[in-house]
Ligand SMILES: Nc1ncnc2c1ncn2[C@@H]1O[C@H](COP(=O)(O)OP(=O)(O)O)[C@@H](O)[C@H]1O
Ligand SMILES: [Mg+2]
């Protein structure tokens, strides 16, 4: 990247432009106005002295000569006081003059005094004599014109000093701006580069290195957002790997078993009953594989957000009846007692096949993960805005540590020793329920377990208004 395109270069240039602009403003506007004010104040001072000289000359009790008055005022005010006698009959002529004070050079031709004499009104201006400049004010006084001059050298020295200082500070400010811009930008550029490297690492699938920037500014906030993204991606990546590992393991087990049985069927000379037994076991494995394939498909659809669920009115009591009917034979086979407990109509909003799927997962678990002799009850109910389908059993129960895990994908408890499922049943049940705007919750104590599917209830139909 060319230097001019870096943040540092841009920042320094921006600072330079701002500083240069401010200094140019000071130099071009403030300095001339300072000069103007200093000259103006000197002229005011000269005009005041001229007015007072004129007043003194005009006073009746004045006994001093013109030149004495000039000398006194010049000494008292540190100015040069000149009094011209004016012959105002024929062409204006400055006839004689009295010149006292600093400098002392003769005045042959003074523009300010002449203007005052011509117009018979006060005049002021700046005149140059040799290399020196003076602020002058003239004031007519009877047959005289009083001219007061005050040296401007001090004022111009002050202005020159200010100019000088402004230039020096300009230089220092420009260098400081440049250094500050470059230094500040370097710090920022380093932090930005850190973030860039972190993004590269994440893009390459390396999530282990944390992104650290504890400062509270926007870059710090960006870094923290990046780190949250890193953790989330790491979690997703971990889940993805685990999912693939678990899914392949789940696929391999029944395939392995199928392959083994096939070998046996092909190789050995088996009697009919053994063959039938093998075929029965193979059928179990095929069922297991089919179920797993269905579950994986559901999960992938859920993950991709492609699973469509309807929100139609469904009577959960009817679903409960169907479930009991469907599982009755199996319950008998495994020595469980399966009972419905239906309390009127409980109509909720959902997708009937999906509600049945959730119910099947719950009933199947209650039959599979509890020992023979266990009671399993399928209940329905309604509570204000929600309707419930509850599957409860009086099996050994699920401990609190296990309870937080049972809804995780591929989690299988090993308590019952009969856990031959894939560990996906409850994970899918919960996600399906959430897609229908409901929940699946577990509550369990020693000797009692209940899983509850809750769905939004359909608002009860309004009471028919009796016709009078
Ligand atoms: N009614 C129940 N009683 C005891 N444990 C249960 C019950 N239902 C579920 N579990 C536990 O929760 C785990 C996860 O269930 P599930 O997700 O359906 O997977 P799977 O049934 O395939 O093992 C089960 O392995 C089991 O340990
Ligand atoms: Mg299950």
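In the working numbering, the protein residues as written are 23 to 490. Idealized CB from N, CA, C, for every residue including glycine.
Residue i classed as buried or exposed, judged by whether at least 16 other C-beta atoms fall within 10 angstroms
i           : result
residue 101 : buried
residue 391 : buried
residue 312 : exposed
residue 354 : exposed
residue 162 : buried
residue 370 : buried
residue 186 : exposed
residue 191 : exposed
residue 494 : Outside the modelled stretch of the chain, which goes from 23 to 490, sits residue 494, for which no answer is possible.
residue 233 : buried
residue 126 : Any reading at residue 126 needs caution, since the residue's pLDDT is 40, under 50, leaving its predicted position unreliable; the model's value is listed next. Residue 126 comes out exposed.
residue 375 : exposed
residue 88  : buried
residue 451 : buried
residue 266 : exposed
residue 462 : buried
residue 222 : exposed
residue 236 : exposed
residue 181 : buried
residue 298 : exposed
7 Å Cβ shell around residue i - same chain, five flanking residues per side excluded
i           : result
residue 465 : 472
residue 41  : 195, 196 and 199
residue 252 : 224, 229 and 233
residue 154 : 173 and 175
Any non-hydrogen atom of ligand 1 closer than 7 Å to residue i Cβ
i           : result
residue 357 : no
residue 372 : no
residue 434 : yes
residue 417 : yes
residue 242 : no
residue 471 : yes
residue 420 : yes
residue 474 : no
residue 445 : yes
residue 428 : yes
residue 392 : yes
Whole-Å CB distance - residue i paired with residue j, under 8 Å assumed
i           : j           : result
residue 68  : residue 171 : 7 Å
residue 156 : residue 148 : 7 Å
residue 229 : residue 259 : 6 Å
residue 30  : residue 208 : 6 Å
residue 217 : residue 244 : 7 Å
residue 394 : residue 339 : Wrong, their Cβ atoms sit about 28 Å apart, outside the cutoff.
8 Å CB neighbourhood of residue i in its chain, flanking five on each side removed
i           : result
residue 84  : 78 and 91
residue 303 : 279 and 283
residue 273 : 311 and 314
Cβ-based neighbour list, residue i, same chain, cut-off 6 Å, excluding 5 preceding and 5 following
i           : result
residue 46  : none
residue 76  : 161, 163 and 168
residue 145 : 134, 137, 138 and 160
residue 385 : 345, 349 and 413
residue 410 : 403, 474 and 476
residue 118 : Per-residue confidence for residue 118 stands at a pLDDT of 48, beneath the threshold of 50, marking its modelled position as unreliable; no derived number is given.
residue 241 : 213
residue 363 : 399 and 401
residue 408 : 476 and 479
residue 105 : 88, 92, 120, 166 and 168
residue 388 : 398, 413 and 415
Any non-hydrogen atom of ligand 3 closer than 7 Å to residue i Cβ
i           : result
residue 308 : Questions concerning ligand 3 fall outside what the structure shown contains, since the ligands it does hold are ligand 1 and ligand 2.
Test item, CB below 7 Å from any non-hydrogen atom of ligand 2:
Listed along the chain, these residues meet the criterion: 383, 386, 387, 390, 443, 447 and 448.
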